[in-house]
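Chemist: Using this note's numbering, read the sequence shown as starting at 50 and increasing by one per residue. Here's a structure for you.
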Amino acid sequence: MALRMVQFFAVVLTALALVPTGAHLFELPNKFNLSRDAYLTVQGMYAGWAFFGIIDLAALVTNVFLAVRLRRQHPAFSFAVIAVLCFVVFFAIFFTWTFPVNQATSNWTTLPDDWSQLRQEWEYSHAVNAVVMLIALCSVTLAVITTH
Numbered sequence: 050m051a052l053r054m055v056q057f058f059a060v061v062l063t064a065l066a067l068v069p070t071g072a073h074l075f076e077l078p079n080k081f082n083l084s085r086d087a088y089l090t091v092q093g094m095y096a097g098w099a100f101f102g103i104i105d106l107a108a109l110v111t112n113v114f115l116a117v118r119l120r121r122q123h124p125a126f127s128f129a130v131i132a133v134l135c136f137v138v139f140f141a142i143f144f145t146w147t148f149p150v151n152q153a154t155s156n157w158t159t160l161p162d163d164w165s166q167l168r169q170e171w172e173y174s175h176a177v178n179a180v181v182m183l184i185a186l187c188s189v190t191l192a193v194i195t196t197h
């Protein structure tokens, strides 16, 4: 029974981690056409989204726990490890590109002169992370359905 709960939470938390990155991915084409002032206004919608980091961290921990629980079940273990690695990549991308841009723009409350380059880094880092999170969701789902 405990394994089923871990599986459930791993899938749900991973799906929730995909939500904000997926939203960013689908917004991307329209946001690149916005003027400086319009972009700054739109970015204001993300105030408070930092709390999604709690879900991301909880999903990582839960997926690690799932991988440990499945260590003797192949291929389920391999899929669980792929999901964990996706979260490691997700956080690496976030702290390499997204977070520094958040700092440079005071979480998009100000726009420095190089705002266009920062926008590109921020938007593309989220787009790549959407793909990474989709792979994580597929992997954890495969880990669950291949468990015996």
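Here a beta-carbon is modelled for each residue, glycine too, at the ideal position from N, C-alpha and C.
#1: Kindly list the residues whose CB is nearer than 7 Å to the CB of residue 104, restricted to its own chain and excluding five residues on each side of it in sequence; keep chain order.
#2: Could you have a look at residue 105 and say whether DSSP puts it in helix, strand or coil?
#3: What number of angstroms, rounded off, separates the C-alpha of residue 139 from the C-alpha of residue 82?
#4: If you follow the alpha helix (DSSP H) that residue 119 is in, where does it begin and where does it stop?
#5: Do residue 181 and residue 115 have their beta-carbon atoms positioned less than 7 Å apart in this structure?
#6: Among 51, 184, 187, whose alpha-carbon lies nearest the alpha-carbon of residue 117?
#7: Answer with buried or exposed for residue 143, where buried requires no fewer than 16 other C-beta atoms within 10 angstroms of its C-beta.
#8: Can you give me the Cβ contacts of residue 172 inside the same chain, cut-off strictly under 8 Å, excluding the 5 residues immediately before and after it?
#9: May I ask you to report which of helix, strand or coil DSSP gives residue 112?
#10: Inspect the beta-carbon positions of residue 109 and residue 136 and report whether they are closer than 7 Å.
#11: Identify which residue in 75, 59, 119 has its Cα closest to the Cα of residue 195.
Modeler: Answer, in terms of the structure:
#1: Answer for residue 104: 62, 65, 66, listed in chain order.
#2: helix
#3: Spanning the two alpha carbons is a distance of roughly 26 Å.
#4: Segment: none, residue 119 is in no alpha helix (DSSP H) and carries neither H nor E.
#5: For residue 115 and residue 181, no; Cβs fall outside 7 Å.
#6: Selection 51, 184, 187 evaluated against residue 117 yields 51 as nearest (Cα-Cα).
#7: buried
#8: For residue 172, where only same-chain residues beyond five positions count, the Cβ hits under 8 Å are 73, 77, 80, 81.
#9: Of the three classes helix, strand and coil, the one that applies to residue 112 here is helix, per DSSP.
#10: yes
#11: 119
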